[in-house]
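**Q** Following this message is one structure expressed as structure tokens.
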Amino acid sequence: MSRSPFAGDAGESTSGAAGDAGESTSGTQRVVGGTAEMEALGRELGATLRAGDLVVLTGPLGAGKTTLTRGIGEALGVRGPITSPTFVLARTHPSLVGGPDLVHVDAYRLRDAVELDDLDIDYERSVVVAEWGHGLIEAESDSWLDVVIARPEGAGDDFDPADAPEEPRTVTITPHGPRWA
Amino acid sequence: MNRDAPLVLGIETSCDETGVGIVRGTRLLANTIASSMDEHARYGGVVPEVAARAHLEAMGPTLEAALAEAQVELADLDAVAVTSGPGLAGALMVGVGAAKALAVSLGKPLYAVNHLVGHVGADVLDAAGGPGHPIELPTIALLVSGGHTSLLHVRDLTADVELLGETIDDAAGEAFDKVARILGLPYPGGPQIDKAAEGGDPAAIRFPRGLSLPKDLERHRYDFSFSGLKTAVARWVEQRADASQPVPVADVAASFREAVVDVLVSKAVNACRDRGVPRLLLGGGVVANRRLREVATERCAAAGIELRIPALSLCTDNGAMIAALAAQLIMAGHGPSSLRFGADSTLPVTDIQVA
Numbered sequence: 000m001s002r003s004p005f006a007g008d009a010g011e012s013t014s015g016a017a018g019d020a021g022e023s024t025s026g027t028q029r030v031v032g033g034t035a036e037m038e039a040l041g042r043e044l045g046a047t048l049r050a051g052d053l054v055v056l057t058g059p060l061g062a063g064k065t066t067l068t069r070g071i072g073e074a075l076g077v078r079g080p081i082t083s084p085t086f087v088l089a090r091t092h093p094s095l096v097g098g099p100d101l102v103h104v105d106a107y108r109l110r111d112a113v114e115l116d117d118l119d120i121d122y123e124r125s126v127v128v129a130e131w132g133h134g135l136i137e138a139e140s141d142s143w144l145d146v147v148i149a150r151p152e153g154a155g156d157d158f159d160p161a162d163a164p165e166e167p168r169t170v171t172i173t174p175h176g177p178r179w180a
Numbered sequence: 000m001n002r003d004a005p006l007v008l009g010i011e012t013s014c015d016e017t018g019v020g021i022v023r024g025t026r027l028l029a030n031t032i033a034s035s036m037d038e039h040a041r042y043g044g045v046v047p048e049v050a051a052r053a054h055l056e057a058m059g060p061t062l063e064a065a066l067a068e069a070q071v072e073l074a075d076l077d078a079v080a081v082t083s084g085p086g087l088a089g090a091l092m093v094g095v096g097a098a099k100a101l102a103v104s105l106g107k108p109l110y111a112v113n114h115l116v117g118h119v120g121a122d123v124l125d126a127a128g129g130p131g132h133p134i135e136l137p138t139i140a141l142l143v144s145g146g147h148t149s150l151l152h153v154r155d156l157t158a159d160v161e162l163l164g165e166t167i168d169d170a171a172g173e174a175f176d177k178v179a180r181i182l183g184l185p186y187p188g189g190p191q192i193d194k195a196a197e198g199g200d201p202a203a204i205r206f207p208r209g210l211s212l213p214k215d216l217e218r219h220r221y222d223f224s225f226s227g228l229k230t231a232v233a234r235w236v237e238q239r240a241d242a243s244q245p246v247p248v249a250d251v252a253a254s255f256r257e258a259v260v261d262v263l264v265s266k267a268v269n270a271c272r273d274r275g276v277p278r279l280l281l282g283g284g285v286v287a288n289r290r291l292r293e294v295a296t297e298r299c300a301a302a303g304i305e306l307r308i309p310a311l312s313l314c315t316d317n318g319a320m321i322a323a324l325a326a327q328l329i330m331a332g333h334g335p336s337s338l339r340f341g342a343d344s345t346l347p348v349t350d351i352q353v354a
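Protein chains in written order, with numbering that gives the first Met the number 0: chain S, 0 to 180; chain Y, 0 to 354.
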């Protein structure tokens, strides 16, 4: 079983017993400088993912969830372009390299498990990345990676709206379940 | 088959409009649309499964209404046409299924065509409210809707369509929906933002123009990005709220809309200039946006570009454009599609007809 570098490389900030299904370690944190770095983090993360893996992405509008997913897709070698799935709820990007497909979900508008079920996602044969999926999609798997992206919010110093996309983000990655033990 | 002015029935179900249109060559006979928009409003956007079920319920009555309006019988048709993609998979399947059933039961040839090229094809039809004279090629086409933001160079409607650029994150219509969400306005965001922007100052806040810096223009000259703009609006509104200052909704809406429209029109006009094509065609639901039409009209006039905007009923999703494109294919001598094609949610725009 491959181990996520994000679960292992930050001993200082990792605590708690990993390994029991559903039990989590506290996450590792990364500060990400802008969109290019967010994509690079996605590529790094994507390189550790395989069929059956589930990534639950959390963060406010404009945090960089789709940007991170674009990096994951590049690492997996799937057909792009990876754009926002909001309008279609879920989009399947077929693998171009004989690996797992990437299913990119926006669960913001889904209200319950029945609506999630309607999307007919093939969890076993795909890597599933779910934006706004926290509290809903975890039930689909015994293991998942929680990825929380925080961007600056509220009042700041001399904020220029033009700089917003490139402001630094803090990304916290927390593995759950036996897959990441 | 009549190849001079074929009688074609077109079916379109790529999103939330069930469209059945009938054309004879380039003449529009019927354009009937049933929309499930109201059913989606409470979900804050189109829900594919809801759309698919609504298509299923609306298909029969919409078909009947189109035939009655055109005053033709199914047996009179020369061909049936349908959108194969791109669009919502489950929604597309309903139209594809209906079209195959019609074609097989009637023994008529079936043409499976591209939704986005269909938007351009709409402009061959002469409908009330349209430009009044037929499309000239080549043309640059800007297609903007909830699901698409694409810039095309169309040299031949049936054989040569080039994708110049598209959105790399959010579609323009989706950016309107999300900013409406930030401002506490309901879905769909386009008309809401338009209304909120009345009386607002479009220059009040300088929101970023996505992929418009010199370094971005090298790699993404004709691509669009609206995600950073959405972030900028969210940050700006949050700052105001945190400082307990009122949010000037009209100014935010007007400034946001200006940023979207500015980028859309600038890139389209650049494409016309770069390619030496003095024509720009607008299509897609966002064409309903008054400010987009105004800015496009001003800048095209200044640049000596002929701006073409089909009647709004032909800009939003409809079956007539699908019938019109298939009629063009037939008139150009193209054979029908095989019955093996299916719904293709990510059909590339270069695939004008699915074999």
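Glycine is no exception: its CB is placed at the ideal position from the N, C-alpha and C atoms.
Closest to S/D159 by C-alpha separation, out of Y/P47, Y/V236, Y/G284, would be which residue?
**A** Y/V236
**Q** Whole angstroms are fine: how far does the CA of Y/S344 sit from the CA of Y/P5?
**A** 28 Å
**Q** Starting from S/H133, trace the alpha helix (DSSP H) in both directions and tell me its first and last residue.
**A** Boundaries for S/H133: no alpha helix (DSSP H) harbours it, and the DSSP string shows neither H nor E there.
**Q** Could you list which residues in chain S have their beta carbon closer than 7 Å to that of Y/D168, in chain order?
**A** T65, T82, S83
**Q** Looking at chain S, is there any beta carbon in it that lies within less than 9 Å of the beta carbon of Y/S226?
**A** So, interface residue.
**Q** Could you name the residues of the same chain whose beta carbon sits closer than 7 Å to that of Y/D350, not counting the 5 residues immediately before and after it, in chain order?
**A** N113
**Q** Among Y/A242, Y/Y221, Y/G209, which one has its Cα closest to the Cα of Y/L228?
**A** Y/G209
**Q** Using a Cβ-Cβ distance cut-off of 9 Å, determine whether Y/E16 contacts chain S.
**A** no
**Q** Three or more beta-carbon pairs under 8 Å between the region 305-316 of chain Y and the region 275-286 of chain Y, yes or no?
**A** yes
**Q** Just to confirm the assignment, what range does the alpha helix (DSSP H) spanning Y/W235 have?
**A** 226-241
**Q** Just to confirm before moving on: does the CB-CB distance between S/R110 and Y/Y42 stay below 9 Å?
**A** For S/R110 and Y/Y42, yes; Cβs fall inside 9 Å.
**Q** I want to see whether chain Y comes within less than 9 Å of S/P160, judged by CB atoms only; does it?
**A** yes
**Q** What does DSSP give as the partner residues of S/T91 in its beta bridges?
**A** Per DSSP, S/V102.
**Q** Is S/P167 close to chain Y? Criterion is C-beta to C-beta, closer than 9 Å.
**A** no
**Q** Given a cut-off of 9 Å, decide if S/T65 and S/D101 are closer than it, judged by their beta-carbon atoms.
**A** The identity of residue 101 of chain S in the sequence shown is Leu, whereas the question assumes Asp. Taking 9 Å as the Cβ cut-off, S/L101 and S/T65 do not qualify as a contacting pair.
**Q** Answer with yes or no whether the minimum CB distance from Y/F206 to chain S is below 9 Å.
**A** Chain S contact via Cβ: present.
**Q** Can you check which of these residues, Y/I32, Y/E173, Y/P213, is closest to Y/I321 by C-alpha distance?
**A** Y/I32
**Q** Taking all protein chains shown into account, decide if Y/T230 is buried (16 or more other Cβ within 10 angstroms of its Cβ) or exposed.
**A** buried
**Q** Among residues of its own chain, excluding the 5 on either side of Y/L62, which ones have a beta-carbon nearer than 6 Å to its beta-carbon?
**A** Non-local beta-carbon contacts of Y/L62 in its own chain, meaning distances under 6 Å to residues more than five positions away in sequence, involve V19 in chain order.
**Q** Pick out whichever of Y/V7, Y/A64, Y/A90 has its Cα sitting closest to the Cα of Y/V46.
**A** Y/A90
**Q** In whole angstroms, what separates the C-alpha of Y/A268 from that of Y/R292?
**A** One detail in the question is off: residue 268 of chain Y reads as Val in this sequence, not Ala. Near 13 Å, if we compare the C-alpha coordinates of Y/R292 and Y/V268.
**Q** Would a check of beta-carbon distances place S/R150 closer than 9 Å to chain Y?
**A** yes
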